[in-house]
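Student: The opening position of the sequence shown corresponds to residue 397 in our numbering, with each subsequent residue numbered one higher.
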Amino acid sequence: MTRGAFSRLGFILAAAGSAVGLGNIWRFPYLAGENGGAAFVIIYIICSFLICYPLMIGEVSIGRSTQTDAYGAYKGLGGKRWGLLGLYGILCGFLILSFYNVVAGWAFGYFVELVFGPLLAQRDKAQFFTDFTSSIGLNFVFSLGFMAATAFIVARGIAGGIEKANKIMMPALFVILLLIIGYALTLPRAMEGVRFYLIPQLSEVKLSTLYAAMGQAFFSLSLGMGGLITYGSYVSKQQSIARSSVLIAATDLSVALLAGLMVFPLVFSQGLSPSEGPPLVFIVLPEVFGAMGPVAGRFVGGAFFLLLCFAALTSTISLLEVPVTYFIDQHKQKRGMIAWVLALVIFVLGLPSMLSFGAVEFFTHLPFYGGKPALAFVTEIFSDVSLPLGGCLMSLFIVTRWKRANFNQEIRQGAPALAGSWLERFINLVLAYVAPPLLGALTVLLILEKIFGISPF
Ligand code: TRP
């Protein structure tokens, strides 16, 4: 039985699709808006290329060198104990998908409610959001629908499913994004939004800005939990990992930057304020679309939520592929079957997150987690804290166990010019001396902040 493989472009699009997601369109703009505008953007670019880029190369090359799932890859190169790191990544992927799919379900639900339902005409968009997210029925239907779409694509395999879906959705995503930006920039006061977004406010830059940027870069590039090991295991030895990774990081960055250029002009055109978190996308923007009137509002709003669904779907398929590849490679399961089974299991695992916005009181105010919703609990533990930790351990694995010479031999495949180049030296330097202490410190800070509520800065 063959495992399947990506074409060169297919891998770049699929990995960029994994990277581009809710994180770019929803989280990045408001983080930038809150953390000093362009100052944050510059720090983010530095984090992406100076630190995350070498880690991305590291992760993809572990996968390509072993041509197997995250667990099998670590075990194959480092023995049983390192295999645990792979299992840890697979577990994180499970839980990340469980909450991510809930928000993706909202995006899907909002698309339907806006284009075909009563959302645009609703006067109180905040009330609509509360009613929508606390409704068991609506959440259930839309997140199950989204998970089914994810399973449907993954079940069709690497080339016929994942690659094909990304080849359609990624270009479509760019076109929709550019169209909305073009429209948004013609609106009155649009430039106020651009200014808010892009003028650096150095006074807003604190040490916490630095690690907000770092954490976001990690999540946005889908690093630290074996997702790229998994996709990397389907990459051909003729492909240059270093070159493809530049394109992946650049795509991710450009979608994030463009998303800000779309969101803020829209928000400022109605004189609204860019608030933090779910309200920005699910309350403030629907207000903007509502004010455009029923026709323009349906077009622009519908396009926006479709864009959000595409971005989310290319990410959920990459998350589901991690355990699917594991069960195919380690337990000889059939792809078509295991994709659906795992999707169902993860959906069930996501029920607490789904019911944590008023549907079930216990999950809405977790007593053992400071009264925060279950979705925040899962996000903070299995994503915010776990991804930098996973990245830290991965870089330690490469330098202490796999060893520099083997790593370099892998990245030189398909990229002979890399041998002895400054880029190769730079990648090695970051993996050995920069990433482990930096990510270790970041993990400690995040544990203090997220779990114990202590912000040292
Ligand atoms: N990067 C995606 C986003 O920005 C989310 C995502 C997909 C992800 N796969 C991941 C995050 C793996 C962490 C790990 O929305």
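Glycine included, every Cβ here is placed at the ideal spot set by N, Cα and C.
When you compare only the Cα positions, how much space is there between A755 and S494?
Tutor: Looking up residue 755 in the sequence shown gives position 359. Looking up residue 494 in the sequence shown gives position 98. Cα-Cα distance, rounded: 17 Å.
Student: Using 7 Å as the cut-off, classify the Cβ of G417 as near or not near the heavy atoms of the ligand GTP, replying yes or no.
Tutor: Of the ligands this structure carries, namely the ligand TRP, none is the ligand GTP.
Student: Between which residues of its own chain and L668 is the CB-CB distance below 8 Å, once the five residues before and five after are set aside?
Tutor: Locating residue 668 in the sequence shown gives position 272, counting from the first residue. Excluding positions up to five away in sequence, the list reads V680, E683, V684.
Student: For V659 versus P425, is the C-beta spacing smaller than 8 Å?
Tutor: As a first step, residue 659 must be located in the sequence shown, where it is residue number 263. As a first step, residue 425 must be located in the sequence shown, where it is residue number 29. Contact: yes.
Student: Locate the alpha helix (DSSP H) running through C448, then write down its first and last residues.
Tutor: Residue mapping note: residue 448 aligns to position 52 of the sequence shown, counting from 1. It is not in any alpha helix (DSSP H) - C448 carries neither H nor E in the DSSP assignment.
Student: If you run the structure through DSSP and keep just helix, strand and coil, what is D648?
Tutor: As a working note, residue 648 is residue 252 in the sequence shown. Residue state, collapsed to three classes: helix.
Student: Over what stretch of residues does the alpha helix (DSSP H) that includes H727 continue unbroken?
Tutor: As a working note, residue 727 is residue 331 in the sequence shown. That run of the alpha helix (DSSP H) goes 690-727.
Student: CA-CA distance, K768 and F407?
Tutor: Here residue 768 refers to the residue found at position 372 of the sequence shown. Here residue 407 refers to the residue found at position 11 of the sequence shown. Taking the straight line joining both Cα atoms gives about 38 Å.
Student: If you check the beta carbons only, do G489 and L715 fall under 8 Å apart?
Tutor: For the purposes of this step, residue 489 is taken as residue 93 along the sequence shown, with counting starting at 1. For the purposes of this step, residue 715 is taken as residue 319 along the sequence shown, with counting starting at 1. Contact: yes.
Student: Check R800 in the structure and name its three-state DSSP category.
Tutor: Translated into positions along the sequence shown, residue 800 becomes position 404. R800: helix per DSSP, three-state reduction.
Student: Can you list, in chain order, the residues of its chain with a C-beta nearer than 6 Å to that of F759? Leave out the 5 residues immediately preceding and following it.
Tutor: Counted from its first residue, the sequence shown places residue 759 at position 363. Same-chain partners within the cutoff: P748, L751, S752, A770.
Student: Of the choices G611, T721, A707, whose alpha-carbon is the least far from that of G468?
Tutor: Position 72 of the sequence shown holds residue 468. Cα-wise, what sits closest to G468 is T721.
Student: By how many angstroms is the C-alpha of F778 removed from the C-alpha of T796?
Tutor: Mapped onto the sequence shown, residue 796 falls at position 400. Mapped onto the sequence shown, residue 778 falls at position 382. Rounded to whole angstroms, T796 to F778 spans 25 Å at the Cα level.
Student: How is the alpha helix (DSSP H) around S616 delimited, first residue to last?
Tutor: The residue labelled residue 616 in the question sits at position 220 within the sequence shown. Here the alpha helix (DSSP H) through S616 covers 603-616.
Student: With hydrogens ignored, establish whether the beta-carbon of G697 is closer than 7 Å to any heavy atom of the ligand TRP.
Tutor: Here residue 697 refers to the residue found at position 301 when the sequence shown is read from its first residue. G697: no, Cβ never under 7 Å from the ligand TRP.
Student: Beta-carbon separation of I558 and P719 under 8 Å?
Tutor: Translated into positions along the sequence shown, residue 558 becomes position 162. Translated into positions along the sequence shown, residue 719 becomes position 323. No; because the gap between Cβ atoms is not below 8 Å, this pair is not in contact.
Student: Which residue marks the beginning of the alpha helix (DSSP H) containing K471, and which one marks its end?
Tutor: In the sequence shown, residue 471 corresponds to position 75, counting from 1. 466-474 is the extent of the alpha helix (DSSP H) around K471.
Student: Should S791 and L762 be called a contact, given that it needs their Cβ atoms to be closer than 8 Å?
Tutor: As a position in the sequence shown, residue 791 is number 395, starting the count at 1. As a position in the sequence shown, residue 762 is number 366, starting the count at 1. Contact: no.
Student: Which of helix, strand or coil does DSSP assign to Q671?
Tutor: Position 275 of the sequence shown, counted from the first residue, corresponds to residue 671. Reading off the sequence shown, one finds Ser at residue 671, where the question assumed Gln. It is coil, neither helix nor strand.
Student: Assuming A410 contacts F402 under a Cβ cut-off of 8 Å, what Cβ separation, rounded to an integer in Å, is found between them?
Tutor: The sequence position of residue 410 within the sequence shown is 14, counting from 1. The sequence position of residue 402 within the sequence shown is 6, counting from 1. Confirmed, Cβ separation roughly 6 Å.
Student: Taking the alpha helix (DSSP H) that Q523 falls in, what are its first and last residues?
Tutor: Stepping through the sequence shown from its first residue, residue 523 is reached at position 127. Start and end: 521-530.
Student: My output table needs one value for Y630: the three-state DSSP class, helix, strand or coil.
Tutor: Here residue 630 is taken as the residue at index 234 of the sequence shown, counted from 1. Of the three classes helix, strand and coil, the one that applies to Y630 here is coil, per DSSP.
Student: Which residue comes first and which comes last in the alpha helix (DSSP H) that contains A755?
Tutor: As a first step, residue 755 must be located in the sequence shown, where it is residue number 359. That residue, A755, is in no alpha helix (DSSP H); it is neither H nor E in DSSP.
Student: Going along the chain, which residues of its own chain have a beta-carbon closer than 7 Å to the beta-carbon of A545, five neighbours each way excluded?
Tutor: Here residue 545 corresponds to residue number 149 of the sequence shown, with the count starting at 1. Here the set comprises L709.
Student: Quick one: Cα of T603 to Cα of P596, how far?
Tutor: By 1-based counting over the sequence shown, the position of residue 603 is 207. By 1-based counting over the sequence shown, the position of residue 596 is 200. One point to set straight first is that residue 603 is Leu, not Thr, in the sequence displayed. So the two alpha carbons sit approximately 16 Å from each other.
Student: Closest to P674 by CA distance: which of R404, T398, R399, R423 is it?
Tutor: Here residue 674 is taken as the residue at index 278 of the sequence shown, counted from 1. The candidate whose alpha carbon is nearest that of P674 is R423.
Student: Relative to the C-alpha of Y440, which candidate in I554, G836, L606 has its C-alpha closest?
Tutor: By one-based count along the sequence shown, residue 440 stands at place 44. Ranking the options by Cα distance to Y440, first place goes to L606.
Student: Of the choices N497, L481, Q635, whose alpha-carbon is the least far from that of V744?
Tutor: For this step, residue 744 is matched to residue 348 along the sequence shown. Of N497, L481, Q635, the residue nearest in Cα terms is N497.
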